[in-house]
Structure formats: structure tokens, C-alpha cells
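Just so you know, the sequences run in chain order A and B. At position 281 of the first sequence the residue is numbered 280 (numbering that gives the first Met the number 0), and the sequence of numbers has no breaks. At position 47 of the second sequence the residue is numbered 46 (numbering that gives the first Met the number 0), and the sequence of numbers has no breaks. We put the beta carbon where it would ideally sit given N, CA and C, even for glycine. One structure is given here, and the rest of the page talks about it.
Number of protein chains: 2
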Amino acid sequence: MGKKNKNAISPTRDKDYPMWYQEVVKESQMAEKSPVRGCMVIKPWGYALWENIMSSLDVMFKKTDVKNAYFPLFIPLSYLEKEAEHVEGFAKECAVVTHHRLEKGENNGLVPAGKLAEPFVVRPTSETIIGESMSRWISSYRDLPLLLNQWANVVRWEMRTRIFLRTSEFLWQEGHTAHFSEQEAKDRTKMMLDIYADFVENYLAIPVIKGAKSSMERFPGAVDTICIEAMMQDKKALQVGTSHFLGQNFARSSNIKFQTADKKEELAWTTSWGVSTRMIGGMIMVHGDDDGVIMPPKIAPAHVVLLPIIKQHDEKRKIMEYTHNIADMLQNRTYHGKKIIVEIDARDIGGARGWEWIKKGIPVRVEIGLRDIADDSVFAARRDKSPGDKYSIKKQDFINGIENLLDDIQKNLFNKAFAFKKNNTFTIDDKNYFYDFFKLKRNGINKGFAMAFWCGSDKCETKIKEDLSVTIRCLPFENNKEKGKCIYCNNSNSQRVVFAKAY
Amino acid sequence: MGKKNKNAISPTRDKDYPMWYQEVVKESQMAEKSPVRGCMVIKPWGYALWENIMSSLDVMFKKTDVKNAYFPLFIPLSYLEKEAEHVEGFAKECAVVTHHRLEKGENNGLVPAGKLAEPFVVRPTSETIIGESMSRWISSYRDLPLLLNQWANVVRWEMRTRIFLRTSEFLWQEGHTAHFSEQEAKDRTKMMLDIYADFVENYLAIPVIKGAKSSMERFPGAVDTICIEAMMQDKKALQVGTSHFLGQNFARSSNIKFQTADKKEELAWTTSWGVSTRMIGGMIMVHGDDDGVIMPPKIAPAHVVLLPIIKQHDEKRKIMEYTHNIADMLQNRTYHGKKIIVEIDARDIGGARGWEWIKKGIPVRVEIGLRDIADDSVFAARRDKSPGDKYSIKKQDFINGIENLLDDIQKNLFNKAFAFKKNNTFTIDDKNYFYDFFKLKRNGINKGFAMAFWCGSDKCETKIKEDLSVTIRCLPFENNKEKGKCIYCNNSNSQRVVFAKAY
């Protein structure tokens with residue numbers, strides 16, 4: 000860790016934010032582009048993070064009686080066609096399976112054979128195929144609510160891809176529920192958004208704004224889409240999770256009916272909600288610095304890396320013994336109900352070793368050399384401080400204080416991100432200022448979120464989008480009582496909404 | 000649970016084994032056929048079992064330093080073509096993606112559009128795409144071994160499908176490792192088979208035979224395939240898991256090279272190994288009886304169901320209180336390191352309730368009525384005994400004894416299956432007898448496994464397969480020293496192998 004003034008990531012955020020993001024992902028060894036167009040390979044360090052995300056969310060879902068299941072990857076075209084808006088939204092960009100065999104063609108190369116009578120699409124989302132099952136599983140009010148979730152891969156044929164943020168194939172969970180009443184379905188829609196917000200704020204340490212989408216930004220086929228939006232360090236917005244109240248639209252198209260207690264036949268009310276590997280991109284963009292990724296401790300694949308510093312061969316045994324002893328003591332402790340995970344990196348590769356862990360974003364690094372042992376100490380550094388900011392601490396104090404240290408990092412990351420969002424969110428009521436605000440940007444970095452009035456019309460929203468590539472991120476649930484004049488058309492009785500450039 | 004002489008599943012195993020299997024799966028609510036050809040829907044009770052399988056195996060893999068990752072669903076045709084045998088084996092039956100968009104065609108129906116320059120196949124297995132990553136990730140002996148695993152869906156376009164056993168899409172894990180030496184790769188191949196055998200015997204309670212595949216039954220592209228084989232109750236064999244030593248075949252075709260410590264360039268040695276949702280079919284067929292599925296306690300989605308028996312409305316509060324109290328006490332205990340999972344089923348649907356849980360295979364059922372409360376008791380039944388075999392036991396004794404009870408059921412299931420396999424495995428050295436043995440069957444039930452000598456030639460193996468639809472399941476690792484004359488060609492110096500009809 001000899002480098003003092005140079006950053007580990009080039010370019011810095013300031014110089015070229017999009018390129019910084021690419022480099023951070025690459026250097027963190029979390030994922031990489033695959034030679035398969037638009038798809039990514041999630042490498043072990045990135046996948047371990049996704050495993051932690053899955054297991055944490057899964058516990059939260061199950062506490063609300065959601066059960067996991069698995070539905071087919073392939074969706075017949077006829078299913079997709081059932082819901083008019085839905086097909087418009089998803090037919091544009093999907094992988095179509097048309098053949099079920101390969102044969103040797105000219106030059107001995109393989110060519111598709113065995114044409115299917117009806118092509119399939121690889122699921123872009125599963126409302127229609129799960130709806131088909133629901134229609135068979137539900138017959139009485141006693142079968143409701145039906146609360147399902149699946150962890151799966153989905154495919155949307157994206158033209159411009161960016162790793163984790165927008166890839167042709169991605170991993171996600173999609174919840175699908177059916178209810179006997181409109182209110183219960185609406186409550187579930189909100190409940191799942193609250194779970195997402197809780198998880199994203201308390202595990203990923205990303206502050207979010209909860210709100211409703213405008214009708215233009217709604218999920219195709221939904222009555223109402225609510226979402227959580229976060230601010231990245233380039234001051235663009237990222238939609239981190241969405242929850243959809245689908246009304247009776249999908250129940251109608253999939254024929255999900257039930258008999259009420261008084262023997263009437265009614266359509267069920269359904270919801271769907273999802274978060275994806277996109278969250279990982281958000282985590283990187285919110286917390287990362289010019290030295291790489293910073294992992295929030297509550298979700299990090301590992302908490303502490305021990306770096307034995309062995310200068311002479313004859314020191315090795317003593318230093319490794321001390322190192323393993325510390326690892327054992329740390330691993331016997333728990334952090335928020337899970338074991339503390341310790342890596343020991345004894346590779347003899349010089350300064351590159353420490354920088355590798357910095358770029359991977361492990362919360363705490365600990366160097367251990369002969370001098371530390373003589374003093375019964377360790378030399379520690381936290382990832383949320385600058386790389387050179389290291390301190391000596393008595394071994395036992397370090398071990399006893401590990402949970403507090405991790406919690407402090409966790410809180411610090413959230414507070415920093417919260418302050419950043421707050422400082423870059425502006426109340427704007429002047430149209431010219433609003434236009435200037437969104438036109439100015441430097442090296443891919445924008446000026447922030449604008450809280451401005453909007454009359455509710457598609458027309459004003461469209462104009463602003465055309466002029467500035469700015470969208471309404473959400474109609475926030477909090478502090479939404481104020482009324483004023485639409486930033487575009489000046490109509491009064493407008494609501495303050497969040498405008499931003501977005502991923 | 001009033002029915003005494005009638006079984007819950009019709010037909011019984013004896014009458015029509017294949018149909019019995021279908022009915023058991025259906026009645027257990029574990030999975031169902033989907034309207035998408037050859038694909039299944041895994042319902043919550045079946046998926047919860049798969050989750051337990053995944054989490055148990057995952058811990059075992061990780062203890063051997065395997066790390067999880069995720070690779071693209073789509074494989075370019077050119078990748079599949081790289082390994083000659085591999086393409087022969089997998090090109091026959093795969094889903095081919097040829098377009099990336101849908102457009103409105105005649106009659107407003109959707110038609111594929113946006114033809115891809117190079118089609119993709121949906122992965123039938125990932126050797127080639129993971130090989131491509133390995134070729135980039137490995138450059139020095141220091142990068143070895145590389146030990147990867149992914150939990151994923153795969154697709155093989157099967158003509159005749161059977162739920163869990165052979166479906167077009169299924170869920171599995173596929174491990175892929177690269178090593179610097181032949182021996183290390185061979186050791187890893189064996190290590191993973193041992194893990195599978197350990198898991199299948201100790202969790203799924205299915206006794207297995209470990210052995211090597213004949214060259215005809217090998218994985219396409221492998222140098223050596225080793226496997227675990229189990230006997231179903233129709234006395235057919237099911238291959239439960241396989242582990243492949245790939246030699247340098249895939250390293251050569253994917254260009255996975257490394258520099259040795261003395262600066263020479265060499266090809267890596269690779270392995271792959273996998274188990275799938277097929278195991279669930281095996282579990283059902285080994286343990287299930289004419290009343291449905293029987294879940295081994297160590298892997299069951301839930302261990303105990305409490306069935307309050309409320310005859311009068313005014314009993315309800317008292318009985319439910321007693322029931323919840325028992326649930327709380329049970330849930331505070333652990334069984335093999337995991338929490339004991341208790342279901343309370345208070346639905347007022349009469350006898351159907353108990354039968355539902357029998358058909359689902361929950362290890363222990365407990366009825367609770369006023370009389371039991373008066374006696375501070377419960378009325379218990381274990382799934383591995385007959386449905387009417389219930390006993391009264393003091394509440395506290397039941398709770399204190401729950402782990403022993405579950406262990407007893409687990410052992411009983413294994414022992415029963417072990418005896419069944421043993422009693423239906425025959426040493427056969429006479430050709431006529433061998434032919435009769437495999438020709439006779441009744442209602443889909445065969446006579447068993449034949450341990451017979453085989454000379455090692457493809458020719459004899461092929462003849463037997465053509466004549467009897469019987470294959471060599473494996474060349475067993477144990478008790479394989481005996482030499483004798485080939486059952487088909489009479490050549491001496493032959494080895495005793497396992498012949499059986501197989502799924």
C-alpha cells in the first residue's frame with residue numbers, strides 16, 4: 000500500500016464517471032462482460048454479494064408468508080399476447096426460441112433445425128406464465144391470498160448494455176400475489192416496497208425515495224407502479240426496486256377467478272414486485288470511491304482481510320500462527336446474526352495485495368507483522384477512510400470492538416450517501432433555471448435531483464423528456480401536500496415530484 | 000384420517016408404477032406439468048425441498064473451497080462446436096434462439112423479428128462458456144486450482160418427459176474446476192462424487208452404488224465419467240449424480256493454458272460435476288408408498304404438522320393455545336443444526352386435512368384435541384409407519400424426544416431402501432437366466448439389478464441394450480476384483496458390472 004497520491008482507479012469519478020464505473024467493476028473482480036452479446040459473467044466476489052442479498056431478502060419475504068416456487072423459462076407467444084399493454088411493453092426486446100435442434104449444415108457448421116409450431120420467448124418477466132398457474136390453483140376465497148416468489152434469470156434484449164445496470168440477461172426475484180380484495184392487494188404492493196426500502200437502506204446503506212410512478216413510467220399492464228429511487232454519485236437516479244398493483248388486469252387476461260364466501264364468482268386482484276442484480280450496480284455507484292468498490296459490512300461477502308507481512312522466511316511461522324489465531328477469534332463472533340467472515344491473504348505479491356482488497360471493497364484490512372506481534376497489536380484500516388489512514392490497536396481491543404467497527408462503517412456509508420442526496424436535491428420552481436439545471440453537466444456528472452411541480456399530464460412529462468432527457472422518477476409519498484404551478488405548463492394545483500436523469 | 004383400507008394414491012405402486020409416480024407427484028403438490036412443452040412448474044412444497052437440497056450441498060461444496068459464480072444462459076453455436084464429441088452429444092436436443100424481437104404479423108399476431116447473425120442455444124450444460132472465461136482467468140499455475148460452481152436452469156429438448164426425472168428445463172448445479180495436474184483433477188472428480196454420495200445417502204436417505212461409466216455412457220467429451228446409481232421401487236436404476244474427469248479435452252478446445260513454475264506453457268486439466276432436480280424424483284420413487292411421498296426428515300421442508308381437532312367452537316381458544324405452545328417449544332429446538340420447522344394446519348376441512356399432509360410426506364403428524372390436553376398429551380403419527388398407526392404420548396416427552404424421533408425415521412428410511420436394493424440385486428452368470436431376468440416384468444415393475452461379468456467391449460454392451468433395453472449402470476468401485484466370463488460373449492477376464500433398466 001505504498002502509493003500515496005495516486006488513486007487505484009483511473010479515470011477518477013470526477014474525470015469520467017461512466018468509465019470510472021466500468022473500471023471499478025473490472026478491478027473489483029465482481030463481474031465482467033461476456034462474449035455473449037449483452038450478457039455478463041458474475042464472478043465469485045460479485046456472486047457472493049448476490050448470495051447475501053438473496054438470503055437477506057428471502058428471510059424478509061418469508062416472514063410475510065411468501066413462498067418460493069419456480070416457473071418455466073419459456074413463455075408461449077400466445078401468453079404474452081393476452082394483456083394488451085404488457086405485450087406492447089415486452090415484445091420489443093426479447094429472445095425468441097424458434098427451433099429445438101441443431102443439424103450440420105454447409106461447411107459442417109451447425110444450423111437450427113426442428114422448427115417449433117409456436118415460438119417461445121425467454122421470460123422477460125413472468126406475470127403471464129404465473130397467471131396461468133394461478134388460474135388453475137385458485138378456485139375459492141380459501142385459496143387466497145396466494146403469495147409466490149421466484150429467484151430466476153430473465154432476458155430483455157437490450158441495445159445498450161452496462162454491467163449490472165442493464166444487461167440482456169440478469170438475475171432477479173419476482174414476487175407474484177393474488178388477493179380477494181383490492182385493498183389487500185394494494186396493501187401487499189406497499190408492504191413489499193417497504194421491505195425493499197428497509198433492505199436497501201439498512202443493508203446496502205443506500206437512502207431511497209419512495210413514491211409512485213407517473214402513468215408513462217408504469218409497468219406495462221399495471222394500474223399503479225410504486226418504486227424506490229436512489230441518487231448515484233453522478234447525481235443520476237437509479238430505480239432500485241418496483242412493486243406493481245396490477246388491479247384485475249392480469250386476472251382478467253389469465254382468467255384468475257375465485258368463488259367468494261357467498262358463492263359469487265370474482266376476479267382476483269394481483270400484484271408483482273421485483274429487485275435484481277441492478278442493485279449491485281447501485282451499491283457500487285453510491286459508495287464506490289476513486290480506489291474502487293466499498294462494500295457495506297452488513298452485506299459484504301467478507302468482513303475482514305488479514306494481511307500477514309512476512310519479510311524474512313523465518314518469521315513466517317510465528318506471524319501465520321498469530322494471524323490464524325486472530326481469524327479464529329473473529330470467526331467465533333457474529334455480526335447481525337451471521338458469522339464474521341475473515342479472509343487470510345498470505346500471497347507474496349507485495350503492495351498489489353492490499354490494493355486488491357481495497358478495490359474489492361472489503362470493510363476492514365488488517366496488517367500483521369513482527370512489530371505488531373511484539374506489541375500484541377494489529378495494524379488496521381477501514382475501507383470507508385482513505386487508504387493511508389491506518390491505526391495500531393491492541394489485538395484484543397480490535398477483536399472485542401469488531402461489531403462496533405463494522406456498524407460504524409455501515410452507518411458512516413449510509414450517512415455519507417444520505418448527505419450527498421440531500422445536498423444535491425434542489426427545489427426548483429423556475430422553468431429557465433430548471434432547464435439550465437439539467438443542461439449543465441461535466442464529465443458525465445449532473446447537478447442533481449430537481450423537486451418541481453408537475454400538473455400530471457403526459458404532455459408536460461413528454462416535453463421535458465424530449466428537451467432534457469429528464470424523467471419523473473416518482474411522485475414521492477412523503478412531503479407531498481404542497482401544491483403549486485407546473486414547471487412546464489404553469490397549471491396550478493400541481494404536485495411536487497422528483498425530476499432527474501436516470502439509468 | 001378415517002380411511003383404513005383404502006390407499007391415498009391410486010393406482011398403487013403394484014398396479015401401475017409409472018402412473019403411481021405421476022399421481023404421487025400431483026397429490027404431494029410438489030410440482031406439475033406446465034402448458035409449456037416438457038417444462039415443469041415447481042410448486043412451493045417441492046421448491047422448499049429443492050432449497051434445502053441446495054443449501055445443504057452448497058455448504059459441502061464451499062468447505063472444499065468451491066466458489067459460486069454465474070455464467071450466461073446463452074451459448075454461441077461456435078462454442079458448442081469447439082469440442083467434437085460434446086457437440087455431437089448436445090446439439091441434438093436444444094432450444095435455439097434465432098431472433099431478438101417480436102413484431103405484429105398477419106391477424107395482428109406476434110411473429111419473430113430481428114434475426115440474429117449467430118444463433119444461440121440455451122445452455123444444456125456450460126463447459127464451453129465457462130471454459131471461455133477460464134481461458135481468460137488462468138495464466139499462471141498460481142491461478143490454479145480454479146474451483147467454480149453455478150446454480151442454474153438448463154434446457155435439453157427432451158422428446159419424452161417425466162416430471163422431475165426428465166424435463167426440458169430443469170434446475171441443477173454444475174461445478175467446473177481447472178487444475179495444474181492430472182492427478183489433482185482426478186482427485187477432485189472423485190471428491191465431488193463422494194460429496195454427492197454422502198449427501199444422497201445421509202440426507203435423502205437413498206443408498207447408492209458408486210462406480211465408473213462405460214465409455215458408451217460417458218459424458219460427451221469426458222475422459223472418464225463416474226456416477227452414483229440408486230435403485231427405485233420399480234427396480235429400475237436412476238443416475239443421481241455424475242462427476243466428469245475431462246482430461247485436457249476442454250482445455251484444448253477452450254484454450255485454457257497456464258505457465259508452470261518453471262515457465263513452461265501447459266494445458267490445464269478440468270472437471271465438471273452436477274446434480275439436478277432429478278434427485279427429487281429419485282427421493283419420491285425410493286421412499287414413497289401407496290399413500291404418497293415420504294420426506295426424509297433431514298431434508299424435509301417441514302418436520303411436524305400440528306392438527307388441532309376442534310369439535311365445538313368453544314374449544315377453539317383452549318386447543319389453539321395448547322397447539323401454539325407446542326409449536327413454540329418445538330421451534331426452539333434444532334435438528335442437525337437447523338431449526339425444527341412446524342406447520343399448524345387449523346383448516347376446518349375434515350379428514351382431507353390429515354391425508355393432505357400424508358400425501359405431502361411430512362415426517363410427523365400430531366393431532367391435538369380436548370382429550371389430549373386433559374391428559375397433557377398429544378396424539379402422534381410418523382409418516383414411515385402406516386397412517387392408522389398413531390400413539391398417545393405425554394407432551395413433554397414428545398418435545399424432548401423430537402430429534403430422536405426424526406433421526407429414527409431418517410434411519411428407518413435409509414435401512415428400508417438399503418434392504419430393498421440388496422434384496423433385489425442378483426449375481427447372474429448365466430446368459431439365459433440374465434435374459435429372462437430382464438424380460439419379465441409386471442405392471443412396469445422389473446426384477447432388479449444384475450451383477451454380471453462384462454468384457455469391456457462396446458459390442459456386447461450394445462447387443463444387450465438392443466435386446467433388452469438394459470444398460471451398464473456402472474463399473475462399481477467396491478468389490479470389483481472378481482474376474483469371470485462376459486455374460487454376452489463369454490470372454491474371460493471380464494469385470495462384474497451393474498446391469499439394469501434405467502430412467
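Check, Outcome
"Reduced DSSP secondary structure (H/G/I, E/B, other) of R332/A", "coil"
"Buried versus exposed call for I348/A [16 or more other C-beta atoms within 10 Å across all chains shown]", "exposed"
"Validate contact between the stretch 88-96 of chain A and the stretch 135-143 of chain A using beta carbons, cut 8 angstroms, 3 pairs", "no"
"Contact with chain B by W453/A, beta-carbon distance below 9 angstroms", "no"
"8 angstroms contact criterion, which G210/A and P386/A should meet: CB distance rounded", "G210/A to P386/A, Cβ: 38 angstroms. No contact."
"Contact belief for T270/A with I255/A at Cβ below 8 angstroms, rounded distance in angstroms", "So it is not a contact: roughly 12 angstroms between Cβ atoms."
"The ligand COA heavy atom lying under 8 angstroms from the CB of G108/B", "This structure lacks the ligand COA; in fact it carries no ligand of any kind."
"Span separating the alpha-carbon of Q247/B from that of G273/B", "19 angstroms"
"Beta carbon proximity, E105/A to chain B, threshold 9 angstroms", "no"
"Helix, strand or coil at H302/B according to DSSP, with G and I counted as helix", "coil"
"Nonlocal neighbours in the same chain, by C-beta distance under 6 angstroms from F378/A, ignoring five residues either side", "E366, D371, K389, S391"
"Opposing strand residues paired with N148/B [DSSP bridges]", "N67/B, G174/B"
"Any C-beta of chain B under 9 angstroms from that of V40/A", "yes"
"Alpha carbon of T176/A to alpha carbon of M53/A, nearest angstrom", "19 angstroms"
"Close beta carbons around A250/A, own chain, < 6 angstroms, minus the five adjacent residues each side", "L266, A267, T269"
"For D13/B and N442/B, believed in contact at Cβ under 8 angstroms, the rounded distance", "6 angstroms"
"Expected contact under 8 angstroms - CB spacing of I325/A and I398/A to nearest Å", "7 angstroms"
"Status (buried if at least 16 other CB within 10 Å, exposed otherwise) for A526/B", "Residue 526/B lies beyond the range of chain B shown here (0 to 502); nothing can be said about it."
"Coarse secondary structure for R381/A, derived from DSSP in three states", "strand"
"Those residues which DSSP pairs with W272/B across a bridge", "G174/B, S242/B"
"Inter-residue CB distance, M328/A and Y20/A (contact presumed, cutoff 8 angstroms)", "Incorrect: roughly 37 angstroms between the Cβ atoms, too far for contact."
"DSSP-derived helix/strand/coil call for M0/B", "With a pLDDT of only 42 at M0/B, under the threshold of 50, the placement of this residue in the model should not be trusted, and no figure is reported."
"Bridge partner(s) assigned by DSSP for M39/A", "K32/A"
"Opening and closing residue of the beta strand (DSSP E) in which S252/A lies", "Note, S252/A: premise wrong, no beta strand (DSSP E); alpha helix (DSSP H) at 248-253."
"Check whether E26/B and I162/B have beta carbons under 9 angstroms apart", "no"
"Where the beta strand (DSSP E) through E102/B begins and ends", "95-103"
"Rounded separation between T259/A and E131/A - CA only", "20 angstroms"
"contact_flag[the stretch 194-214 of chain B, the stretch 96-103 of chain A] where n(CB pairs < 8 angstroms) is 3 or more", "no"
"Host alpha helix (DSSP H) of I283/A (start-end)", "277-286"
"G443/B, DSSP secondary structure in three states", "coil"
"Within 7 angstroms of chain B by C-beta, residues of the stretch 320-336 of chain A in sequence order", "none"
"Helix, strand or coil at K191/B according to DSSP, with G and I counted as helix", "One detail in the question is off: residue 191/B reads as Met in this sequence, not Lys. Residue state, collapsed to three classes: helix."
"CB contact below 9 angstroms: W171/A versus chain B", "no"
"6 angstroms CB neighbourhood of P509/B in its chain, flanking five on each side removed", "Residue 509/B lies beyond the residue range present for chain B, which begins at 0 and ends at 502; the question has no answer from this structure."
"Where the stretch 69-85 of chain B meets chain A: residues whose CB sits under 8 angstroms from a CB there", "Y69, F70, P71, L72, F73, I74, P75, L76, L79, E80"
"Secondary structure of R364/B, DSSP reduced to three states", "strand"
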